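What follows is a set of notes on a single structure, which appears directly below.
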Amino acid sequence: MAQQDSFIDVYVDRARSAAGRIVFPEGGDQRIQAAASRIVELGIAEVILLAGADELSELKGCTVIDPGASPTLERYAQQYAAGPRSVSAAVAQRAVNKPLYFAGMMVRAGDAETMVAGIANPTRRVIEAARLCIGLSDGIKTPSSFFIMKPRSGLPMVFADCAVNVDPSSEQLADIAIAAAASAEQLLTEKPRVAMLSFSTKGSANHPHADKVIKAVELVREKSPGLLVDGDIQADAAIVPEVAALKLGSGSDVAGRANVLIFPDLNAGNIAYKLVQHLGGADAIGPVLQGFKHPLADLSRGATIDEVFETAVVTLAMIRQ
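Using our numbering, you'd call the opening residue of the sequence shown number 7 and step up by one each time.
Listed below in structure tokens is the structure:
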């Protein structure tokens, strides 16, 4: 078993304290099984694996469920049929017979607190199942993702959105920022300070791309007036106090001290987190999905056992106690 460093250990302890249940709808994958065994061995959470009888017969310490043969299938189908889409019983039965939907309904019904998927399904399928079964948080219309980034020195930060929304509008950026602040509230030790990043700082450049960020900041302040947020702001002014003082002077609660970075599009977010990780030596955990009523994650289909384990631990650490 790989030795876990202090960064992930913080979330291991929180996850263990939450005493939650996690469901993996892709339980037949060997990486999922290995990560599940580690979760059980460390006493972090109860683990539920969804798999057919021909995929997995038993895994020590884990509950294995074949959705098609489960006695809860009918109950989940009824709950799904009565949901916002109001579908027929036959359609609902077909939907929840699928592992992604069955797992989502387990979370919705309170039979699990979180789900982690994506190792065998594309992101759009995971998000679709989560939207239809778990639902978005109140006031959020845009599902998104975040990474926890731990620099070599300094405290962890939240980067969003680095995996889902390609070219978000101002309204979508506002949703991403509000959801990311909520994620940070659950996972960071300090109060969220949200920087809406741009190539411009306080209108230093005149361009529609900067205007999009400026409007997003206004929307965030309207929807979440108590949130510490600033922008448009360049990355150096967001995280380096000396640069913030030169470019903005005083008066910002965020500049130079941001711990939640909101990127203007997926190009910027995806490139930034990978550069920080691979050139800057930062630890990265994610992507974790956000904006939903319950925590869940969408794994990369190339995820390693360690990445599955760490992502699962973070979602378990986000369970509200």
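The beta-carbon is built from N, C-alpha and C at its ideal position, and this holds for glycine as well. Just so it is clear, the structure is predicted and the values come from calculations on it, not from any experiment.
How is Met324 classed by DSSP in three states: helix, strand or coil?
coil
The alpha helix (DSSP H) enclosing Glu80, as first and last residue numbers:
Leu79 to Ala87
Nearest by alpha-carbon distance to Gly67: which of Gly58, Glu52 and Ala57 is it?
Glu52
So, under 8 Å CB-CB, Val164 and Asp271 are touching, yes? Tell me the CB distance rounded to an integer number of Å.
The pair is not a contact, with the Cβ atoms about 17 Å apart (cut-off 8 Å).
So the candidates are Ile71, Pro157 and Val122; which of them puts its Cα closest to the Cα of Ala278?
Pro157
Could you check how far apart the C-beta atoms of Ser204 and Gln240 are, in whole angstroms? I think they sit under 8 Å.
7 Å
In chain order, what residues of the same chain have a beta carbon less than 8 Å from the beta carbon of Gln9, not counting five sequence neighbours either side?
For Gln9, the predicted model reports a pLDDT of 42, less than 50, meaning its position is unreliable and no value from the coordinates is stated.
Report back the beta-carbon spacing between Val18 and Ile50 to the nearest angstrom; my notes put them in contact at under 8 Å.
6 Å
Own chain residues within Cβ distance below 8 Å of Glu64, not counting five before or after:
Val70
Where the beta strand (DSSP E) containing Val93 begins and where it ends
Here Val93 belongs to no beta strand (DSSP E), and DSSP marks it neither H nor E.
Own chain, CB closer than 6 Å to Val102, minus 5 neighbours either side, in chain order:
Tyr82, Ala83, Tyr86, Phe108 and Met111
Which residues in the same chain as Val97 place their Cβ atom closer than 7 Å to its Cβ, once the five residues preceding and following it in sequence are excluded?
none
How would you call Ser176, buried or exposed, if buried means at least 16 neighbouring beta carbons within 10 angstroms?
buried
So, at 8 Å on beta carbons, what are the nonlocal neighbours of Ser151 in its own chain, with the 5 sequence-adjacent residues on each side left out?
Ala166, Asp167, Cys168, Ala169, Val170, Gly292, Pro293, Val294, Leu295, Gln296 and Asp304
Is the number of C-beta pairs between the segment 305 to 322 and the segment 134 to 142 that are closer than 8 Å three or more?
no
Taking C-alpha atoms, which residue in Phe315, Ala323 and Met324 lies nearest to Ala41?
Phe315
Quick check: the Cα distance between Ile311 and Pro247, rounded to an integer number of angstroms?
38 Å
Do Thr195 and Ile325 come within 9 Å of each other at the CB atom, strictly closer than that value?
no
DSSP three-state label for Glu316, please.
helix
Report all residues from its chain with a CB closer than 6 Å to the CB of Ala25; omit the five preceding and five following residues, and keep chain order.
none
Beta-carbon proximity of Ile146 to Asp117, cut-off 9 Å
no
Since Ala186 and Val226 should fall inside the 8 Å C-beta cutoff, what is the C-beta to C-beta distance between them, to a whole number of angstroms?
The Cβ separation is near 10 Å, so there is no contact.
At what residues does the beta strand (DSSP E) containing Val70 begin and finish?
Thr69 to Ile71
So within the segment 206 to 294, which uninterrupted beta strand (DSSP E) runs reach at least 3 residues, ignoring any that extend past its ends?
234 to 239 and 266 to 268
Assuming Pro31 contacts Ala123 (C-beta within less than 8 Å), just tell me the rounded distance between them.
5 Å
So, helix, strand or coil for Arg137, using DSSP?
helix
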